[in-house]
Structures are given as C-alpha cells and as structure tokens.
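Asker:
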C-alpha cells in the first residue's frame with residue numbers, strides 16, 4: 154500500500170530526530186572525559202604553581218620583574234586584590250569588605266646568590282623587634298697617633314719608587330703606622346679614593362656590631378657569607394651582607410619617596426663610621442658585577458644610589474683604612490675584643506707560595522700582585538684586605554715579624570689604571586717598607602707631635 158505524503162514526512166522527521174538524539178548522546182559521552190581531564194589538569198597546574206611560588210627564590214632583577222611576585226585574589230564582588238610579596242614597609246591594600254583595613258606585610262629576605270641556594274646555605278634572620286635597629290661604632294674618636302719624621306722618610310721613598318716605575322703620583326695615597334709606638338706618616342692620606350673591595354672590611358665591621366648588639370638570631374648563619382666576602386672577595390656574598398645589615402635590597406628604579414627610604418637605610422653604614430670620626434666616608438655602594446641579580450653594572454636603585462644628588466661612589470681615605478686595620482687587628486677594640494679577634498682571623502693570609510700561587514691568573518688572589526707577595530719568604534704574620542678593579546689597586550695590611558720586633562700598618566690606594574695594570578708595584582713597595590721598618594729603632598722619637606696638628610703631607 155502506498156504511503157501518504159504526510160506519512161512520508163513524518164518518517165523523515167522521525168529519522169532526523171533519531172539521528173540528532175544519537176549524535177547528542179555520542180557528543181555527551183565524548184565531552185564528559187575531556188571535561189574531567191581538563192578539571193584534573195587545572196587542579197594539578199594550580200597545585201604545582203603554588204609549590205613553585207613558595208620554593209623559588211626571587212633572584213632576578215629587571216624592569217619586567219620588579220623584584221616581587223604579584224598575587225591576585227578576588228572577593229565575592231570580584232574585585233582584584235594585589236599583594237607584593239617583597240614590599241619593604243606596611244602598605245594599604247583593598248580589603249575584601251566594604252571598609253578599608255591596613256594590612257602589614259613582612260619584608261621577605263633578600264635574594265640569595267645561586268651558589269648559596271645550591272649549597273643550602275642558611276638564611277640569617279633578625280630577632281623580633283630588631284627589624285629597624287641601627288647600631289653605632291663603639292669607638293667614637295680616632296686613635297691618638299703621633300707624626301713621625303722618620304716614617305715620613307720611608308713614605309717619601311715609596312713615592313719616589315712609584316715615580317721611578319713611571320707611575321703617577323696624583324692618584325696615590327699612602328698611610329704608614331708603627332703600631333708599637335703609635336707613630337704615623339703618609340702621603341695624600343686624607344684624599345678620598347675609590348677603595349674597591351677594601352670596603353668589604355667596613356661592612357664586616359658593621360655586621361659584627363649588629364651581631365654583638367643582639368640583632369641576629371644566629372651568628373653562624375653569616376659564616377659562609379663572611380668567608381666568601383673576605384677570603385674570596387666575592388661581590389655576591391658582599392651584596393647579600395649589605396642587604397642584610399641595611400634591611401634593603403636592590404630594586405628597579407624607585408619613585409622619589411620610596412628611594413629616599415631605601416637611601417636612608419643604606420646610608421646607616423656611613424653614619425656608623427662618620428659618627429666615629431671617619432669623616433666624609435662613603436661605604437654605601439655595592440661592588441659589581443652581581444650576576445645573581447642580573448646586574449653586571451649598577452642599574453635601578455643602585456644607579457640611583459650612585460647618582461643622587463651627584464656622582465657618589467664609595468670613598469675611603471688611606472688613613473681611614475689604616476685606622477680600621479689598627480683597631481681590628483692591633484688594638485682589638487673594634488666592636489669588642491672578641492669581635493675584633495674574629496674579624497682579624499678572617500683577614501689573615503697564608504703567605505706560603507703553595508697556598509697562593511694559583512695558575513689561574515684571573516682568579517681572585519689576595520697575595521699575588523699585592524703587599525704579601527714579596528714577604529712570602531719572611532717569617533711574618535700577615536693580615537690584609539685587597540681590592541682590584543680595571544682602574545684601581547688598593548690594600549690595607551698589618552705586618553708583624555716573627556721575632557715581634559716590628560708591627561706596622563700599611564694602607565695604599567692607587568686610583569689609576571696604571572696601578573691596576575702594575576702587578577709588581579705593591580710587592581716592591583712592601584719589600585721596601587719591610588726593610589725600613591725592621592731596621593729602625595722602635596723607640597718613639599723625642600717630642601712627638603700630635604698628628605691632628607699637622608697638615609696632610611703631599
């Protein structure tokens with residue numbers, strides 16, 4: 154029997170509906186596993202991201218990553234709440250309720266060098282309530298040194314030696330102290346010079362003053378960083394210590410008010426010494442490069458520190474360097490006797506050629522090319538901190554003979570590429586001074602004149 158047109162249309166409709174039903178069923182069956190998989194993947198990514206954020210150090214510093222992670226949270230009204238994990242002070246942030254509340258965020262520790270992270274080195278921490286404590290040097294006046302004409306003759310010989318070697322005298326500063334008699338002499342010794350890594354001894358002194366003042370939980374947490382800074386002259390360890398003792402960190406360029414706060418904190422190291430008679434000293438600038446911060450040279454807040462209000466690099470006089478060495482290793486009165494002994498131990502150098510003759514000419518060497526090299530065959534106790542850049546060579550040292558006949562402090566700053574490139578001049582100077590100091594009568598000259606009453610010798 155032939156079907157009517159109406160029956161034929163109904164059959165077609167039924168077929169279409171049946172196909173659509175089968176298609177929808179298949180689609181649902183295929184979609185559900187994908188939805189479940191996507192949900193599980195999202196949960197896994199969220200968990201891993203949280204773990205990584207908690208464990209990963211903030212070591213990079215550039216314009217794109219301003220030293221912190223921005224965490225976004227949303228309230229019931231879908232308002233974004235941004236928290237910067239490394240803000241230095243308390244900040245106001247939008248609260249989840251309608252009222253504005255003050256949220257205090259604790260400053261995170263400064264970034265650590267990659268080698269410190271790899272070796273699992275400790276993270277020093279301050280005691281509660283000591284976050285903004287500033288310390289003062291226990292010695293508020295310079296030692297009462299006496300000017301010596303005999304020592305001046307030795308210094309003059311050194312100046313003539315540099316001239317004979319074709320080196321300029323204008324960028325040269327020298328201070329010589331007979332530690333046993335308190336006599337001294339110098340050449341341009343009150344002229345501020347760039348100290349290179351000699352500055353690290355000054356940072357160490359501030360650190361030990363903070364340790365003695367009970368600011369830090371555990372002194373031993375600093376041991377590996379001090380060792381790297383003083384014994385290897387490591388810039389990254391020094392940067393980390395500067396961040397710790399000043400409660401600051403290198404940041405991208407800051408706006409005026411924030412920069413003033415950072416600058417004031419960083420300059421506490423200057424106040425520490427200036428209030429003790431170290432006039433015009435500047436030890437607030439880091440030494441570079443700092444690759445763990447992506448800073449091959451000063452940028453961001455570090456560049457601001459150097460250029461506000463005028464070009465302001467580290468500046469120390471040879472007299473100041475000699476004084477600090479005298480206070481640490483001879484008088485042992487810097488911070489305390491115990492702290493001075495610890496610092497002096499860090500400054501001790503092994504002059505045995507087997508200890509310092511490194512075939513790597515580019516590795517840091519506190520003896521080769523410096524004052525200790527020419528004394529390696531002598532029976533002496535030697536303590537020093539050297540500094541070397543492409544434009545300067547500097548050193549502060551204390552030499553004590555094995556027979557205890559002579560103990561003297563010698564500080565030399567040669568702020569010129571000519572001194573930087575001369576690997577022989579400091580050993581030659583040291584040999585000359587050693588011969589003169591061990592040959593002299595250690596009795597003080599009659600009627601010594603107070604050093605403060607004499608002009609700087611040029």
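In the working numbering, the protein residues as written are 154 to 611. Built from N, CA and C at the ideal position, the CB exists for glycine as well. Bear in mind the structure is a predicted one, so any value in this text is a computation, not a measurement.
Short of 6 Å in beta carbon distance, which residues of its chain neighbour residue 386, apart from the five on each side in sequence? Order them along the chain.
Answerer: So the list reads 350, 517, once near-sequence residues are dropped.
Asker: Residue 331 by DSSP, collapsed to three states: which one?
Answerer: It is a strand residue.
Asker: So, for residue 585: in the same chain, excluding its five sequence neighbours on each side, which residues have a beta-carbon less than 7 Å away from its beta-carbon?
Answerer: Here the set comprises 310, 311, 314.
Asker: Since residue 567 and residue 532 are thought to touch, with beta carbons under 8 Å apart, how far apart are those beta carbons, to the nearest angstrom?
Answerer: With a Cβ gap of about 28 Å, residue 567 and residue 532 do not count as contacting.
Asker: Would you call the stretch 488-497 and the stretch 507-515 touching, i.e. three or more CB-CB distances under 8 Å?
Answerer: Flag = no, the stretch 488-497 and the stretch 507-515 do not touch.
Asker: Below 8 Å between beta carbons: does that hold for residue 468 and residue 417?
Answerer: No, the pair does not count as a contact, with Cβ atoms beyond the cut-off.
Asker: Could you tell me if residue 432 is buried or exposed, where buried requires 16 or more neighbouring beta carbons within 10 angstroms of its beta carbon?
Answerer: Exposed: under 16 other Cβ atoms inside 10 Å.
Asker: Is it right to say residue 515 is buried, meaning 16 or more other beta carbons lie within 10 angstroms of its own, or is it exposed?
Answerer: Flag for residue 515 reads exposed.
Asker: Which residues bound the beta strand (DSSP E) around residue 395?
Answerer: Premise fails: residue 395 lies in the alpha helix (DSSP H), 388-399, not in any beta strand (DSSP E).
Asker: In terms of residues, what are the limits of the beta strand (DSSP E) holding residue 535?
Answerer: Note, residue 535: beta strand (DSSP E), 533-542.
Asker: By a C-beta neighbour count over all protein chains shown, 10 Å radius and 16 as the cutoff for buried, is residue 548 buried or exposed?
Answerer: That one is buried.
Asker: Does the Cβ of residue 526 have 16 or more other Cβ atoms within 10 Å, making it buried, or fewer, making it exposed?
Answerer: That one is buried.
Asker: Taking the alpha-carbon positions, what's the residue 591 to residue 542 distance?
Answerer: About 31 Å.
Asker: Take residue 105 as the anchor and find which of 327, 458, 346, 579 has the nearest alpha-carbon.
Answerer: Since the first residue shown for the chain is 154 and the last is 611, residue 105 is missing from the structure and cannot be characterised.
Asker: Helix or strand or just coil, what does DSSP make of residue 309?
Answerer: Reduced to three states, the DSSP call for residue 309 is helix.
Asker: What would DSSP say about residue 369, mapped onto helix, strand or coil?
Answerer: Three-state DSSP puts residue 369 in a strand.
Asker: My parser needs the alpha helix (DSSP H) runs of 4 or more residues fully inside the stretch 426-465; what are they?
Answerer: As far as the stretch 426-465 is concerned, its whole alpha helix (DSSP H) runs of at least 4 residues are 454-460.
Asker: Could you check whether residue 354 and residue 538 sit closer than 8 Å to each other, using their CB atoms as the reference points?
Answerer: In this structure, residue 354 lies closer than 8 Å to residue 538 by Cβ.
Asker: Going by C-alpha to C-alpha distance, which of 485, 358, 341, 293 sits closest to residue 305?
Answerer: If we check each option's Cα against that of residue 305, 341 comes out closest.
Asker: Quick check on DSSP: helix, strand or coil for residue 290?
Answerer: Of the three classes helix, strand and coil, the one that applies to residue 290 here is coil, per DSSP.
Asker: Using the C-alpha atoms, what's the distance from residue 430 back to residue 367?
Answerer: Each residue's alpha carbon lies about 24 Å from the other.
Asker: If I measure Cβ to Cβ from residue 511 and keep anything under 8 Å in the same chain, skipping five residues before and after, which residues do I get?
Answerer: Around residue 511: 518, 521.
Asker: Measuring straight from C-alpha to C-alpha, what distance separates residue 361 and residue 296?
Answerer: Each residue's alpha carbon lies about 20 Å from the other.
Asker: Is it true that the CB of residue 421 sits closer than 8 Å to the CB of residue 287?
Answerer: In contact: residue 287 and residue 421 (Cβ atoms closer than 8 Å).
Asker: Use the C-beta contact count for residue 280: other C-beta atoms within 10 angstroms, 16 or more gives buried, fewer gives exposed.
Answerer: It counts as exposed.
Asker: What would DSSP say about residue 593, mapped onto helix, strand or coil?
Answerer: The answer is coil: DSSP assigns residue 593 none of H, G, I, E or B.
Asker: Compare the Cα-Cα distances from residue 575 to each of 587, 546, 553, 563 and report the closest residue.
Answerer: Ranking 587, 546, 553, 563 by Cα distance to residue 575 puts 546 first.
Asker: Please name the residue or residues paired with residue 336 in a DSSP beta bridge.
Answerer: In DSSP, residue 336 forms a bridge with 299, 331.
Asker: Could you spell out where the beta strand (DSSP E) holding residue 527 opens and where it closes?
Answerer: Run containing residue 527: none; DSSP gives neither H nor E here.
Asker: Return the CA-CA distance between residue 573 and residue 282, expressed in angstroms with no decimal places.
Answerer: Rounded to the nearest angstrom, the two C-alpha atoms are 45 Å apart.
Asker: Using only alpha-carbon positions, find the residue among 440, 427, 395, 428 that is nearest to residue 415.
Answerer: With distances taken between Cα atoms, residue 415 lies closest to 395.
Asker: From residue 261 to residue 402, what does the alpha carbon distance come to, in whole angstroms?
Answerer: Each residue's alpha carbon lies about 10 Å from the other.
Asker: Tell me the rounded alpha-carbon separation between residue 552 and residue 442.
Answerer: Cα to Cα, residue 552 sits roughly 31 Å from residue 442.
Asker: Give me the Cα-Cα distance between residue 583 and residue 471, rounded to the nearest whole angstrom.
Answerer: Taking the straight line from one Cα to the other gives about 15 Å.
Asker: Alpha carbons only, please: which of 536, 570, 594 is nearest the one belonging to residue 319?
Answerer: Among 536, 570, 594, the Cα nearest to that of residue 319 belongs to 570.
Asker: What are the boundary residues of the alpha helix (DSSP H) that residue 412 is part of?
Answerer: First-last of the alpha helix (DSSP H) with residue 412: 409-419.
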